[in-house]
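Here the sequence shown stands for residues 22 to 1105, where the numbers follow our numbering.
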Amino acid sequence: MSTPSFSSFPPSFASFPDLDPGPSRHTLDRTRNESSTDAREPREQDRKDKNRRGSKKLKDESRKDKKHKTAKHHLEPVLPRQHKHTRKGVSIPDDEKIKAEEDRRLAQSDIQGSQWDSRPVFFSDRKGDQLNVTYGSNHAGNVPKYHLVNRGRSILGLDGDWAIYRRGKGIEIIIGRRHKQPALTDSSVTTLLAAPPSQRLIGSGDSYKYEEVDGFLRLPSGHKAAEDYRSITKQQDHLDSDSQSSASNDSSGDESGTPILTSHQLSLKALEQQLAADPSSVETWLSLVRHSLSNIPLTSKNAAKARAEITLSILTRARAANPHNKSSRILFLKYLRAGEEVWHESKTKAEWEEALKLGGIEIWIEWLEWRIRTAAGGVETSVTDATRVFNALGSSESSEIDKLRVLWRVAVAFQQAGYHERTTALFQAQAELTFEVPQSLYGLPHESQLESLEEFWESEVPRAGEPGAKGWGDWMSCGRPDNPVSPLKAVPQMDVDDQLKDPYVQWHHDELCADRTSRVPARSVDTRSESDPYATVLLSDIKALLLPIRTEGAKNAFRLIWLSILGLHIPGLSETLSQGSWDDRWSFTYLSSFSRLESIFPAAAGQRQLIADSHAGTLIGREREFSNAFGPIKEWSRNALGPLEWVGEEKWRMWVAADLQEIDKEFVRAVFSQLRCGSEDYEWDIYALAFEAALNIKSALKLSRTFLSTARDSLPHWAAHARLERLREHVDDARKVYQTVLVTSQHTPTQPFVGQLWWDWAEMEWLSGDENAALRVIQRSVKIEGTGGMMVLRVKRSLDDTISCTHEHWKDREAWIKLRALVELLSSSSQDAALAVLDSQPAASVNEKPGRRESIMVASLMLLYNYSVMLRRPTPTAVLRDRLQIAVDTYPDNSLVLGMFLEAEKGHGIWGRVRAQLGQSTADGGPREKSISRRIAEVWVAGWEKVRWQSEIERTRSGLAAAAESERTTGSAILWRVILEFEIRVGELQRGKKLLYRAVNECPLAKDLYMLAFGPLRSVFSARELDGFVDIMAERGIRMRKGVDEYVERMKGGDESGSDNEDLDGSEDEIEHEARQRRLLMPY
22 MSTPSFSSFP PSFASFPDLD PGPSRHTLDR TRNESSTDAR EPREQDRKDK
72 NRRGSKKLKD ESRKDKKHKT AKHHLEPVLP RQHKHTRKGV SIPDDEKIKA
122 EEDRRLAQSD IQGSQWDSRP VFFSDRKGDQ LNVTYGSNHA GNVPKYHLVN
172 RGRSILGLDG DWAIYRRGKG IEIIIGRRHK QPALTDSSVT TLLAAPPSQR
222 LIGSGDSYKY EEVDGFLRLP SGHKAAEDYR SITKQQDHLD SDSQSSASND
272 SSGDESGTPI LTSHQLSLKA LEQQLAADPS SVETWLSLVR HSLSNIPLTS
322 KNAAKARAEI TLSILTRARA ANPHNKSSRI LFLKYLRAGE EVWHESKTKA
372 EWEEALKLGG IEIWIEWLEW RIRTAAGGVE TSVTDATRVF NALGSSESSE
422 IDKLRVLWRV AVAFQQAGYH ERTTALFQAQ AELTFEVPQS LYGLPHESQL
472 ESLEEFWESE VPRAGEPGAK GWGDWMSCGR PDNPVSPLKA VPQMDVDDQL
522 KDPYVQWHHD ELCADRTSRV PARSVDTRSE SDPYATVLLS DIKALLLPIR
572 TEGAKNAFRL IWLSILGLHI PGLSETLSQG SWDDRWSFTY LSSFSRLESI
622 FPAAAGQRQL IADSHAGTLI GREREFSNAF GPIKEWSRNA LGPLEWVGEE
672 KWRMWVAADL QEIDKEFVRA VFSQLRCGSE DYEWDIYALA FEAALNIKSA
722 LKLSRTFLST ARDSLPHWAA HARLERLREH VDDARKVYQT VLVTSQHTPT
772 QPFVGQLWWD WAEMEWLSGD ENAALRVIQR SVKIEGTGGM MVLRVKRSLD
822 DTISCTHEHW KDREAWIKLR ALVELLSSSS QDAALAVLDS QPAASVNEKP
872 GRRESIMVAS LMLLYNYSVM LRRPTPTAVL RDRLQIAVDT YPDNSLVLGM
922 FLEAEKGHGI WGRVRAQLGQ STADGGPREK SISRRIAEVW VAGWEKVRWQ
972 SEIERTRSGL AAAAESERTT GSAILWRVIL EFEIRVGELQ RGKKLLYRAV
1022 NECPLAKDLY MLAFGPLRSV FSARELDGFV DIMAERGIRM RKGVDEYVER
1072 MKGGDESGSD NEDLDGSEDE IEHEARQRRL LMPY
């Protein structure tokens, strides 16, 4: 800040309020007396000079001096005189000298004071230009001169020791003359932060200084009570205090000899005591591992090896401490993962073989994950390993879900390695074997069915998912006809783009385009199979992975898994197949698609946006802009939010149009149509309607009418049709459906889907703004007529009886519970009473799935959200915020809860709660284990507020770094794809290059990671390095549709004249490298 200094008016500091008072009357009197003596001396000297003057020249000079003094007298301020009569020639004291003397004395007195008061804080102008008041501003020609105090480094209101220094576009306020403050990235600061604490602050045992009485702290009053002269306890009090002080001195003397433990050491000591009392506690052992590793920074030298050795030491103790710990999956897996860093390959393999003796699908899945990560044989080795897992799981029907998980993992490995046709062929063959078995082959062994299926496969007729496919059974019943002309649509070939001058970038572009479009296996007559041998898939390539699936649950799971492979994510599917598994590391493939990555990161990721505007010198903050609180990551427990249910004004639901950008829509439609199991297959039909509704709501209604034409009495189909009418905001049409189904036809309350229909109707009326209509719908649901308070009590009583009845589907009971809560909200407008109804349900039993508890919590949150946000009813903000805080802590992976949480925090300026959710540490100091969906959701949350992305870059990077180090997510190719995309979008290409080498080491079969070196990171890779990547991809068995050499040769042959001057820096680098090596090998 600049302080003006007028050259014509000297500085004065007397009017600053915090300093000594300015010149008062007695100060002026004192200084006037002192200055009068100084004034007499020049007058006497003038008289002597006048007497000595004899020449005319001296007289003229004296006359001029008098005139100058007269002019000066008119300019000086007139001060009150001390005496009534003054002698002629007595001058008025000079005000400037008075002020100078005051300043001198003030400076001398301040030298003895504090260093903070050593310099003045501002300058004062005692007499300005009065014309400024008359005309309202300075004259253009009389603007006073000014300069910046201390070159603009001083701060108004602070001492001179404080200074401002500019660094880049910002400023730093420091003390002293140090021009540069250490930054967080400096080595000195890093060393200081990494240093262990040398001292420890020990708080007193008492929480407060004063004693708490009845919930209040009684503070002492300012008046001291008078002591009674007859008091005889005063001396005793002194004696007691003396004894206490001596005792404290003795105790402090005793404690001075004992070492003081740090907080980290105290935590380790407490954990060791807990383990001594209960050595079978797995969580305590894991906490001990986390605490022991917290003092070893990940960036230190040999950190990986040191951390692995410490982990092995502690987990070896844990396995030997209790027999129960030897069978713990999590302990064994952490033990094996740490051993991979220090053990030899043979020892690692032996330890895994020992772990497989424990059995269990989780151990086998982790073993398969380890084999995919470390095996050198590519996807062929994965097929052999999966066959071993199938044989180990047996042939019982209870193991079919577990085998489907293995099948899913191998299919994802095929996709990541670039074998998309083999993935599609695997699911096509499994679908034919599961849903289209000919009647003549029922009951035959699995091997016999595979032989007949191979004959069908070699005929190359349309298969499941392809247009015109009728199935294996129909082909057998028609007498095994020959294959007609292939109905497959033509796939665009990899054409050379002449605009791309770099052959590596051109190859990257064509390779990605082919991977997106060529997903259906080609036939032997197709031209694509001639140039690409992997485009055609034989049944022998996938025969070992085909499974006999007999149970209805496994068949339904297979269909949903295929939808997930095709890009239609089913929230909660992986958690349903295995509770507490880590399958999300590889199953959430939709998060790595190009369209989803575009929605995760903000559009202007590399641009700095202004947070304030300046108008006439005044800073005006901009309006805070947010994107939709419900983001692109969608994950919750199965059926907590149905496929045709939504939340918010934008109707955020499972699938919307943005989620289907990279999906082959015709192929998905054929899958929905051909895998439908009759008119009673309502769950599969609802997914088909949700898919069509995301594309076009009218086509979805048309498909719904087709379903209803064959299932006129199916309540779930009618409920889906009514929801489609509501989705396109035709409330009257939806009301007609509800009246026809529920009022015209009588249904018992315990009949399946009756409760869900009543709830949908009441919710529709309520959200439309007609609370009375909603209350009448609830009355009809329990067949009670009337008005008034007695009617409401009867409705509540009847709803309680219905809830206590046995229901075939748990969603029906949940619907009646929501109706009961809505009655409380409509009749009393009490949010607490409505929430009490939902919270009063009995706790989850042993056999009850945890997803049902989460569904109840989501229902309560949506009730509050619709009441306060959608309907804008007066609601205390703490009611929704506090409940959302509990829900986010309890269900951290639920993106629906996270969206409502962000919506509730939107109006608050402090991001304390949001940042607490983005933290990486737990209560015990260790890293927080988070799922893939939660990690990527936090990346999206960083850019939720549009101007906050730049300030959240480092926080986001630290969160992704923690995810890369986390044992749960370190081997996820999906996570590494997001990490690399993040560095690319923020412009850190060199950092992205370093991370890419680490990513391909953790995920050796992920083709998309290798392709980044040829595309977005091309500028930081030389041609020699890219050729090395190509060799590694070929060695690891990753599919490349065309060789890079073809593009390089084509580019050289097409532009021979300018090849030396083109941007083929790889050839130049190779020539220079060879020349340098040749010079080094020369003998002289």
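Quick reminder that beta carbons are idealized off the backbone N, C-alpha and C, glycines included.
Just so you know, these numbers come straight off a predicted model, no measurement behind them.
Task: Cα-Cα separation between Trp-780 and Asp-833, rounded to whole angstroms - done: Each residue's Cα considered, the two are about 9 Å apart.
TODO: Kindly identify the DSSP beta-bridge partner or partners of Glu-117.
DONE: Among the bridge pairs identified by DSSP, Glu-117 is matched with none.
TODO: Use the C-beta contact count for Asp-685: other C-beta atoms within 10 angstroms, 16 or more gives buried, fewer gives exposed.
DONE: Buried, since its Cβ has 16 or more Cβ neighbours within 10 Å.
TODO: On a CA-only basis, which of Val-310, His-285, Thr-283 and Ser-284 is nearest Leu-296? Give me that one, please.
DONE: Among Val-310, His-285, Thr-283 and Ser-284, the Cα nearest to that of Leu-296 is on Val-310.
Task: Euclidean distance between Cα positions of Thr-823 and Leu-923 - done: Taking the straight line joining both Cα atoms gives about 36 Å.
Open item on the list: I'd like the list of long-range same chain contacts for Ala-1027, defined as Cβ closer than 6 Å, with 5 residues on each side in sequence excluded.
Closed with: Excluding its 5 nearest sequence neighbours in each direction, Ala-1027 has C-beta neighbours in its own chain below 6 Å: Gln-437 and Ala-994, listed in chain order.
TODO: Whole angstroms is fine: what's the gap from Ala-371's alpha carbon to Lys-564's?
DONE: If you take the alpha carbons of Ala-371 and Lys-564, they lie about 30 Å apart.
Task: Buried/exposed call for Gly-489, threshold 16 Cβ in 10 Å - done: Gly-489 should be labelled exposed.
Task: Option nearest Val-816 by Cα separation, candidates Val-803, Trp-391 and Ala-963 - done: Ranking the options by Cα distance to Val-816, first place goes to Val-803.
Open item on the list: So, with DSSP's three-state summary, where would you put Ile-192?
Closed with: Three-state DSSP puts Ile-192 in a strand.
TODO: Rounded to whole angstroms, what's the CA-CA distance from Thr-977 to Gly-492? Just pull it up for me.
DONE: For Thr-977 and Gly-492, the distance between alpha carbons rounds to 50 Å.
- [ ] Taking only the alpha-carbon atoms, compute the straight-line gap between Tyr-912 and Arg-756 and give it to the nearest angstrom.
- [x] When rounded, the distance between both Cα atoms is 35 Å.
- [ ] Give the secondary structure of Arg-443 by DSSP, where H, G and I count as helix, E and B as strand, and everything else as coil.
- [x] Three-state result, Arg-443: helix.
Open item on the list: One question on the structure: do Leu-354 and Glu-304 come within less than 7 Å of each other, judged by their Cβ atoms?
Closed with: No, the pair does not count as a contact, with Cβ atoms beyond the cut-off.
Open item on the list: For a minimum of 4 consecutive residues, which ranges assigned as the alpha helix (DSSP H) are wholly contained in the stretch 577 to 661?
Closed with: Those alpha helix (DSSP H) runs which fall completely within the stretch 577 to 661 and span 4+ residues are 594 to 598, 605 to 608 and 615 to 621.
Open item on the list: Going by DSSP, what residue range makes up the alpha helix (DSSP H) through Trp-364?
Closed with: Neither: Trp-364 is in no alpha helix (DSSP H) and is coded neither H nor E.
Task: Cut-off 7 Å between Cβ atoms - residues of its own chain near Gly-439, not counting five sequence neighbours on either side - done: Correct list, in chain order: Asp-536, Lys-1028, Ile-1059 and Arg-1060.
Task: DSSP three-state assignment for Arg-733, whether helix, strand or coil - done: The answer is coil: DSSP assigns Arg-733 none of H, G, I, E or B.
- [ ] Could you tell me the boundaries of the alpha helix (DSSP H) in which Asp-547 lies?
- [x] DSSP places Asp-547 in no alpha helix (DSSP H); its state is neither H nor E.
Task: Own chain partners of Ala-715 with C-beta closer than 6 Å, once the 5 adjacent residues on each side are dropped - done: For Ala-715, the CB contacts under 6 Å within the same chain, skipping 5 residues up- and downstream, are Trp-676, Val-677, Ala-678 and Leu-681 in chain order.
Task: For Leu-184, three-class secondary structure by DSSP - done: For the sequence presented, residue 184 should be read as Ala rather than Leu. In the three-state DSSP reduction, Ala-184 falls in the strand class (E or B).
TODO: Report the partner residues of Glu-966 according to the DSSP bridge assignment.
DONE: Glu-966 pairs with Phe-647.
Open item on the list: Quick check on Trp-306: does DSSP put it in helix, strand or coil?
Closed with: If DSSP states are grouped into helix, strand and coil, Trp-306 belongs with the helices.
Open item on the list: Rounding to the nearest angstrom, what Cα-Cα distance links Leu-736 and Ala-743 in this structure?
Closed with: Using only the alpha carbons, I get a separation of about 11 Å.
TODO: Count the other CB atoms, across all protein chains shown, that sit within 10 Å of the CB of Ser-730; report buried if there are 16 or more and exposed otherwise.
DONE: Ser-730 comes out exposed.
TODO: Along the alpha helix (DSSP H) that carries Cys-534, what are the first and last residues, could you check?
DONE: Boundaries of the alpha helix (DSSP H) harbouring Cys-534: 524 to 538, taken from the DSSP string.
- [ ] Tell me where the alpha helix (DSSP H) around His-467 begins and ends.
- [x] Following the DSSP letters along the chain, one finds His-467 inside the alpha helix (DSSP H) bounded by residues 467 to 479.
TODO: Using the DSSP secondary-structure output, state which residues sit across from Trp-673 in a beta bridge.
DONE: According to DSSP, Trp-673 bridges with Val-668.
Task: Three CB pairs or more closer than 8 Å across the stretch 356 to 371 and the stretch 325 to 345 - done: Remark: three or more beta-carbon pairs, one from each stretch, lie closer than 8 Å, so the stretch 356 to 371 and the stretch 325 to 345 are flagged as touching.
Open item on the list: Taking the beta carbon of Ala-963 as the centre, do at least 16 other beta carbons fall within 10 Å, making it buried, or is it exposed?
Closed with: The residue in question, Ala-963, is buried, as its Cβ has 16 or more Cβ neighbours within 10 Å.
Open item on the list: If distances are taken between C-alpha atoms only, which option among Asn-915, Met-883, Asp-180 and Ser-916 comes closest to Pro-900?
Closed with: According to the sequence provided, residue 900 is Val. The question's Pro does not apply to it. Residue Met-883 is the option with its Cα nearest to Val-900.
TODO: Just the C-alpha distance for Gly-181 and Trp-965, rounded to the nearest angstrom, thanks.
DONE: Approximately 42 Å between the Cα atoms of the pair.
Open item on the list: What does the Cβ neighbour count give for Asn-915, buried or exposed, with the cut at 16 atoms within 10 Å?
Closed with: It is buried - the Cβ of Asn-915 has at least 16 other Cβ atoms within 10 Å.
Open item on the list: So for Glu-123, helix, strand or coil by DSSP?
Closed with: Helix at Glu-123.
- [ ] Report the option in Ala-1034, Gly-992 and Ala-984 whose CA atom is closest to the CA atom of Asp-1005.
- [x] Note on residue identity: the sequence assigns Ile, not Asp, to residue 1005. Taking only the C-alpha atoms, the option nearest Ile-1005 is Ala-1034.
Open item on the list: With distance defined between alpha-carbon atoms, name the residue in Glu-383, Arg-126, Gly-920 and Arg-617 nearest to Gly-588.
Closed with: Considering only alpha carbons, the answer is Arg-617.
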